[in-house]
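Undergrad: Heads up: the sequence lines are chains A and B, in that order. Its first residue numbered 1, the first sequence is counted upward by one per residue in the numbering used here. Its first residue numbered 1001, the second sequence is counted upward by one per residue in the numbering used here. Note that beta-carbon positions come from the ideal geometry of N, C-alpha and C, so glycine has one too. Note that the structure is predicted; figures quoted are calculated from it, not measured. This structure is in C-alpha cells; I'll ask about it shortly.
There are 2 protein chains.
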Amino acid sequence: MSLRVIYRILGILLMLFSLTLVPPMLISLAFEDHTLSAFAIALGITLLTGFALFYPNRHARKELRNRDGFLITVLFWTVLGAFGSLPFLLAEDPNLSIIDAMFESFSGLTTTGATVMTGLDLLPHSILYYRQQLQWLGGMGIVVLAVAILPTLGIGGMQLYRTEIPGPLKDSKLTPRITETAKALWYIYAALTLVCFASYWAAGMSWFDALGHSFSTVAVGGFSTHDASIGYFDSATIEMICVFFMVVSSISFGLHFAAWREGRISHYLRDPETRFFLILLLILTCVTIAGLLLTGSYDDSKALRHGLFEAVSVATTTGFGVADFTGWPGVLPMMLFIAAFIGACSGSAGGGMKVIRILLILKQGVREVHRLIHPNAILSVKVGKMRISEGVAEAVWGFFSVYLLLFVLMMLGMLATGLDQVTAWSAVGSALNNLGPGLGEVATHYGDIPGAAKGILILAMLLGRLEIFTVLVLFTPAFWRR
Amino acid sequence: MSLRVIYRILGILLMLFSLTLVPPMLISLAFEDHTLSAFAIALGITLLTGFALFYPNRHARKELRNRDGFLITVLFWTVLGAFGSLPFLLAEDPNLSIIDAMFESFSGLTTTGATVMTGLDLLPHSILYYRQQLQWLGGMGIVVLAVAILPTLGIGGMQLYRTEIPGPLKDSKLTPRITETAKALWYIYAALTLVCFASYWAAGMSWFDALGHSFSTVAVGGFSTHDASIGYFDSATIEMICVFFMVVSSISFGLHFAAWREGRISHYLRDPETRFFLILLLILTCVTIAGLLLTGSYDDSKALRHGLFEAVSVATTTGFGVADFTGWPGVLPMMLFIAAFIGACSGSAGGGMKVIRILLILKQGVREVHRLIHPNAILSVKVGKMRISEGVAEAVWGFFSVYLLLFVLMMLGMLATGLDQVTAWSAVGSALNNLGPGLGEVATHYGDIPGAAKGILILAMLLGRLEIFTVLVLFTPAFWRR
Ligand SMILES: [K+]
Ligand SMILES: [K+]
C-alpha cells in the first residue's frame, strides 16, 4: 500500500470536510442558538488533523493501484463518520455519548437516517441543519461512489451490466475520468436538490425546513427537522412533492445524466431496472392502500395518502414518515420492510440490495427451473437486450448470499445484547439497507438500545453503504499481500 | 404426459400404502384402544381407491420420460399425505378437523414432526404408533428420493457434486438402477432402525416407545409418543443414544452404504460435506453449552446434557426435545433455529437447505472476494478434490435464492392470517426446513393457529421436502407443453 499517498488524500479530505462546518456556524449565528463554539472547535480539530496528515506527505506522489481504491473508500467513510460526530459530541444540546454521536454521524453520512435523538423540534437549528447536510454530503458521495468508483473496483450494481451493454450509460459517453464524471453527477444532484427545495418552499415549508428536507430527500436519507417527520406539515401537496423526489432520487444518476444531456425521458422507460423498480413500487403501493382500506385503518383519503407515502418512503429506503406504518395491521409492516431489502436502483443514493440484483436473481431462478425441463438446452439470462455473463451472474448470487449471511450474523449479535427478535432483525435490516426506521423497540428511534447494539448497527450501515465487498476485501490476507 | 401410466403407478402406491395400516390395527388389538375401526375403514378406502386407479389402467405400459418423474414425485407425496390423514380424521380420539388431520399427516410423512395435538400420553396407542410409522415411511421415501431419484431429475444436493466426482458414491458402485439402489438403501435404513430400537430398549424404554422413537429418530422426524418428547424418559443414556442416531441419520445414506460395503469409516471423514457438518455441530454445541453455563440457566450437568441434545436435535432438523430451547436466553433460540436452515447432509432424511449447499455458497462467496483482488485470475471452487462447474454453482445459488424468496412469501402469507412476526417466520422456517418446533405461538404445538396458516405450512413442508424445484417445475407452462 502507498500509505503516505493515502495519508495525503485523507488529509485533503478532512480539510475539505472542515469547510462544511461553516454553513452550520452561519445557521447558528442566524438563529442565535448558542452552538457556535461546538462547530468552531470541531472545525479546528478536523482542519488541524487534516493538515497534520497532509503536510508531511504533501510531496507523496505515487500511482494508485486499483486495489488501493478499496482501502481509500472504506477509510473515507469511516474517517468522515468519526470526525462528523464531533459537533454532536461537543454541543451541549443534544448531550450525546460518544457511541450515540457516532451513531448519528454514521447514520447521516450513510444516508440511513436512523436517529438516537428525540425532541428534534427543540434542538438548536445549527445541529438540525448539520444532520441534514451530513445526509446530503453522504448522498453526494454515494452517487459518485456507485456510478464512478465502485465499478472500476469491480463492485456494485451499476457495474454489473452497464459496463457491458451498449445501453444508456455507454450511449451518453459518461466520461471515463472519475473527476469529470463526478462533476457531472454533482451538477445533477445539486440541480435536483434545488428544484426539490423550491418545490417544498412553494408548498409552504419554511426556507429552513425546505432546505433541510430537500437535502435528505435527494440523498434518500430520511432525516427530518421534526419528530413527526413529513407528517409534521400535514400537507398533501408536500407529501406528493416528497413522493416524487423520493422516486426520482432512487433512480440511477447515470440515467438522469443521459436523459438530461439528450433532453429525453425515454431513457428511463428503456432501462429494465427502472421499469422493474417502478412496477414494484406501483404494486406495493396498491397492496398497501388496499390493505389499509380493507382493514378500515383510516378513512379513504387518509388511506390513499398514507399508503402511497409510506410504501414509497420505505421501498425506496428513504424512511420519512407521515404515519406509523410499523403499527399497521397484518402483513403490511413486514411487506414494506422486506421491500426495503430490494431497495432502490443502482447508481442512486438509495439503499437495499438494489433492484437490478433482484431482477437478475429472479431471471436466473426462472432459468434454473427451465433448465430442469430442458436439461441440455443452453439458456441464457437477458436483461433488456443484453446477455448476462457467468461472471456477472456469480457476482450477483455472491452478493445476495453474503448480504444475507452478514444480516444473520449481525442479527445474532444484536440478540446477544439482549434485544428481542423483532427489534434485532428489523434494526439490522434497516441499517444494512440504509433505510432508517425499524420495528419493535426501534420503531421511532434508536436511543434506548445497548451501546454494543449501536456499534453493530454502525457496522451494518457501513457494510450496506459500501456494497459489502468493498469492506470485506480488507479482511482477507490476500488483500494485504504485496 | 402418460396419464394412464401415472394412474396405474399411483394405484399401486395406494394399495401398498393401505397395507401399512395393518400394523396399527394389530397395535390397536393388542392395546384394546377402540380405534380398530378407524384404521379398518381407512384401509378399505385407500385400498379401493388404489384398485380403482390401478385396474382400468393395468395394461398401460409406456416408457416414462424423465419429465414425468417430477409429476409422479409430487403426486406420491400429496396423495399419500391426503390418504394418510384418514385415520386421524376417522378416529374418535383425537377428534381432528380435516385441516388438522391433513397437517398431522403431511407433517409425519415429510418428517417435519410439527404436531397439532396435545395430550399425546393419553391418545390411543394405535394412533401414536401410526404417527411414528408415518415418519418412518416418509424418511424411507426421502432417502430413496434424495439418493436415487432426484439426481436423475437434475435436482438436489446429492446430485450437485457426487455425480461428478470420483468420490465415495462412485467408488462404491451404487447400482444405477433405481430399484436396486432403493433396496440397498432400505436395508441400511431398516438395519439402522433395528439397532436404534435395540439401544433404546436396552436403555430402558418400553418396546412400544423404543419402536416409535427409533422410527422417528432414523427418519430425522421428531414425533414422540409423549408430550415431553425425549425429556419424558429423563435418562442421560437415552439422550446420548438419541444424539448418536440423530447425527448418523443426518449423514448421507450413500456414504453409509459405501462405508458398510467396505467395512471402513474413513469414507465419512474423507467426505467434505460430512466433515463440515460435524464441525458445525461441534461449534454449535459448544456455543450452546457455553451460553447456558454463562447465563446460569441450568446447573452444570444439565447445561451439558440439554445443550448437547437440543443443539443436535435442532441443527439436524430432528426436533426432539428435552428442554424448552425456545425459552433460552439471548441469541441461543435464534442461533439454533438458523442452524436448521443449514440442516442435514444431502442424501439423508434430514431437512434444511443441506450442508453441501451452504458449503458451496461459502466457498463461492470467498471466491467472489478474491476475484475483486485478482480481477483477471481464473479462480475455481473446489469441494474436496473436485472442481465445481458453473452449472452446479448456479443450481446452488438458484436454490438458495428461491428457497429464501418462498420463505419470505409464505411468511407474508402467515402474517396476513393475523399471526405475529415471531410465530410467522419461525413456523414457516420450521416447516420449510422440516424441523418441527417453532417459536412464539408454535413453540409447543400448532393446534391454535388459523386453518389458512396450517395450509401454508403444509405447502412449506412439501416444498422443503421435495427440494422446492420438483414442485415449482409443475407451475411452469413449459413443463406442460408436449
Ligand atoms: K434512508
Ligand atoms: K423433523
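Specify, as a first and last residue, the run of the alpha helix (DSSP H) that TRP260/A falls within.
TA: To locate residue 260/A, count along the first sequence from 1; it is residue 260. 253 to 262 is the extent of the alpha helix (DSSP H) around TRP260/A.
Undergrad: If you drop the 5 nearest sequence neighbours on each side, which residues of the same chain put their C-beta closer than 7 Å to that of VAL473/A?
TA: Here residue 473/A corresponds to residue number 473 of the first sequence, with the count starting at 1. Counting only Cβ-Cβ distances below 7 Å, and skipping sequence neighbours, we find PHE70, PHE479.
Undergrad: Would you mind sorting ALA1290/B into buried or exposed? The rule is 16 or more other CB atoms within 10 Å of its CB.
TA: Sequence index remark: in the second sequence, residue 1290/B carries index 290 (1-based). Label assigned to ALA1290/B: exposed.
Undergrad: Which residues share a DSSP beta bridge with MET140/A?
TA: Taking the first residue of the first sequence as 1, we reach residue 140/A at position 140. DSSP output for MET140/A lists no bridge partner at all.
Undergrad: Bridge partners of VAL383/A, per DSSP?
TA: Stepping through the first sequence from its first residue, residue 383/A is reached at position 383. Bridge partners of VAL383/A: MET386/A.
Undergrad: Residues of chain B with CB under 8 Å from ILE338/A, in chain order?
TA: For this step, residue 338/A is matched to residue 338 along the first sequence. In chain order: VAL1408, LEU1412.
Undergrad: Tell me where the alpha helix (DSSP H) around SER1107/B begins and ends.
TA: By one-based count along the second sequence, residue 1107/B stands at place 107. 1098 to 1109 is the extent of the alpha helix (DSSP H) around SER1107/B.
Undergrad: Would you mind working out which of PHE1223/B, GLU1180/B, THR1237/B sits nearest ALA1203/B, comparing C-alpha positions?
TA: Working through the second sequence from its first residue, we reach residue 1203/B at position 203. Closest option to ALA1203/B, Cα to Cα, is THR1237/B.
Undergrad: Flag this pair as yes or no: are the beta carbons of LEU457/A and PHE103/A separated by less than 8 Å?
TA: Stepping through the first sequence from its first residue, residue 457/A is reached at position 457. Stepping through the first sequence from its first residue, residue 103/A is reached at position 103. Yes, Cβ-Cβ distance for LEU457/A and PHE103/A is below 8 Å.
Undergrad: For the alpha helix (DSSP H) that contains TRP213/A, what are its first and last residues?
TA: The residue labelled residue 213/A in the question sits at position 213 within the first sequence. Checking the displayed sequence, the identity of residue 213/A turns out to be His instead of Trp. That run of the alpha helix (DSSP H) goes 207 to 218.
Undergrad: Which stretch, first to last residue, makes up the alpha helix (DSSP H) that contains GLY1307/B?
TA: Residue numbering aside, residue 1307/B sits at position 307 when the second sequence is read from its first letter. Here the alpha helix (DSSP H) through GLY1307/B covers 1300 to 1315.
Undergrad: For ligand 1, is there a heavy atom less than 7 Å away from the beta-carbon of GLY343/A?
TA: In the first sequence, counting from the first residue as 1, residue 343/A sits at position 343. It does not: the Cβ of GLY343/A is nowhere closer than 7 Å to a heavy atom of ligand 1.
Undergrad: Can you tell me whether PHE309/A is buried or exposed? The criterion is at least 16 other CB atoms within 10 Å of its CB, across all chains shown.
TA: Here residue 309/A refers to the residue found at position 309 of the first sequence. The residue in question, PHE309/A, is buried, as its Cβ has 16 or more Cβ neighbours within 10 Å.
Undergrad: Got a sec: which bits of the segment 413 to 442 of chain A sit with their beta carbon under 7 Å from any beta carbon on chain B, in order along the chain?
TA: Going along the segment 413 to 442 of chain A in chain order, one finds LEU415, ALA416, GLY418, GLN421, VAL422 with a Cβ nearer than 7 Å to chain B.
Undergrad: Closer than 7 Å to a non-hydrogen atom of ligand 2 - does that hold for the CB of THR1112/B?
TA: Counting from 1 along the second sequence, the entry for residue 1112/B is found at position 112. Checking every heavy atom of ligand 2 against the Cβ of THR1112/B, one is found closer than 7 Å.
Undergrad: If you measure from the beta carbon of TRP1397/B to each beta carbon in chain A, is any gap under 8 Å?
TA: Residue mapping note: residue 1397/B aligns to position 397 of the second sequence, counting from 1. Yes, TRP1397/B lies at the interface with chain A (some Cβ there is under 8 Å from its Cβ).
Undergrad: Give the DSSP-derived three-state secondary structure of LEU462/A in the structure shown.
TA: Counting from 1 along the first sequence, the entry for residue 462/A is found at position 462. Three-state result, LEU462/A: helix.
Undergrad: Could you give the first and the last residue of the continuous alpha helix (DSSP H) run that contains HIS1226/B?
TA: Taking the second sequence and counting its residues from 1, the one referred to as residue 1226/B is at position 226. Taken as a continuous stretch (DSSP letters only), HIS1226/B belongs to no alpha helix (DSSP H), as it is neither H nor E.
Undergrad: Going by C-alpha to C-alpha distance, which of LEU1332/B, VAL1143/B, TYR1129/B sits closest to ILE1283/B?
TA: Residue 1283/B sits at position 283 when you count from the first residue of the second sequence. Selected option, being the one with the closest Cα: LEU1332/B.
Undergrad: Within 10 angstroms of its Cβ, does ASP100/A collect 16 or more other Cβ (buried), or is it exposed?
TA: As a first step, residue 100/A must be located in the first sequence, where it is residue number 100. So ASP100/A ends up on the buried side.
Undergrad: For a quick check, are the C-beta atoms of MET335/A and LEU1412/B less than 8 Å apart?
TA: The residue you call residue 335/A lines up with position 335 of the first sequence. The residue you call residue 1412/B lines up with position 412 of the second sequence. Yes; because the gap between Cβ atoms is below 8 Å, this pair is in contact.
Undergrad: Distance check for GLY1221/B and GLN135/A, CA to CA, integer angstroms please.
TA: By 1-based counting over the first sequence, the position of residue 135/A is 135. By 1-based counting over the second sequence, the position of residue 1221/B is 221. The straight-line gap from Cα to Cα measures roughly 52 Å.
Undergrad: Excluding sequence positions up to five away, which residues of its chain have a Cβ less than 7 Å from the Cβ of PRO1166/B?
TA: As a first step, residue 1166/B is located in the second sequence; it is residue number 166 there, counting from the start. Note that PRO1166/B scores a pLDDT of 31, beneath 50, so its modelled location is shaky and nothing firm can be said.
Undergrad: What are the start and end residues of each continuous alpha helix (DSSP H) run of 4 or more residues lying completely inside the segment 330 to 367 of chain A, in chain order?
TA: Within the segment 330 to 367 of chain A, the complete alpha helix (DSSP H) runs of at least 4 residues are 332 to 342.
Undergrad: Quick check on the burial criterion: 16 or more other C-beta atoms within 10 angstroms. Buried or exposed for PRO1375/B?
TA: Here the question's residue 1375/B lines up with position 375 in the second sequence. Per the 10 Å Cβ criterion, exposed.
Undergrad: Is GLY398/A close to ligand 2? I mean its beta-carbon at under 7 Å from any heavy atom of the ligand.
TA: Position 398 of the first sequence, counted from the first residue, corresponds to residue 398/A. The answer is no for GLY398/A.
Undergrad: Residues of chain A with CB under 8 Å from ILE1373/B, in chain order?
TA: Locating residue 1373/B in the second sequence gives position 373, where the first residue counts as 1. By Cβ distance, chain A contributes ARG67, VAL473, THR476, ALA478, PHE479.
Undergrad: Report buried or exposed for SER266/A, applying the criterion of at least 16 other Cβ atoms within 10 angstroms of its Cβ.
TA: Counted from its first residue, the first sequence places residue 266/A at position 266. Exposed, since its Cβ has fewer than 16 Cβ neighbours within 10 Å.
Undergrad: Could you tell me which whole beta strand (DSSP E) segments of length 3 or greater appear in the segment 1264 to 1296 of chain B?
TA: Listed in chain order, there is nothing to give.
Undergrad: Identify whether SER28/A lies in helix, strand or coil by the three-state DSSP scheme.
TA: Reading the first sequence from its first residue, position 28 is the one you call residue 28/A. Note: SER28/A maps to helix in three-state DSSP.
Undergrad: Give the DSSP-derived three-state secondary structure of ILE1230/B in the structure shown.
TA: One-based indexing of the second sequence puts residue 1230/B at position 230. Reduced to three states, the DSSP call for ILE1230/B is helix.
Undergrad: Please tell me whether LEU404/A has its Cβ less than 8 Å away from any Cβ of chain B.
TA: Residue 404/A sits at position 404 when you count from the first residue of the first sequence. Closer than 8 Å: yes.
Undergrad: When you compare only the Cα positions, how much space is there between ILE1230/B and GLY1321/B?
TA: In the second sequence, counting from the first residue as 1, residue 1230/B sits at position 230. In the second sequence, counting from the first residue as 1, residue 1321/B sits at position 321. Roughly 6 Å between the two C-alpha positions.
Undergrad: Would you say the segment 405 to 420 of chain A touches the segment 386 to 395 of chain A, given that touching needs at least three Cβ pairs under 8 Å?
TA: Output reads no: the segment 386 to 395 of chain A does not touch the segment 405 to 420 of chain A.
Undergrad: Counting only Cβ-Cβ distances shorter than 7 Å, please list the residues of the segment 1348 to 1361 of chain B near chain A, keeping chain order.
TA: Here the close residues are ILE1361.
Undergrad: Can you find the residues in the same chain that come closer than 7 Å, C-beta to C-beta, to THR1049/B, ignoring five residues on each side of it along the sequence?
TA: In the second sequence, residue 1049/B corresponds to position 49, counting from 1. Result list for THR1049/B: LEU1014, in chain order.
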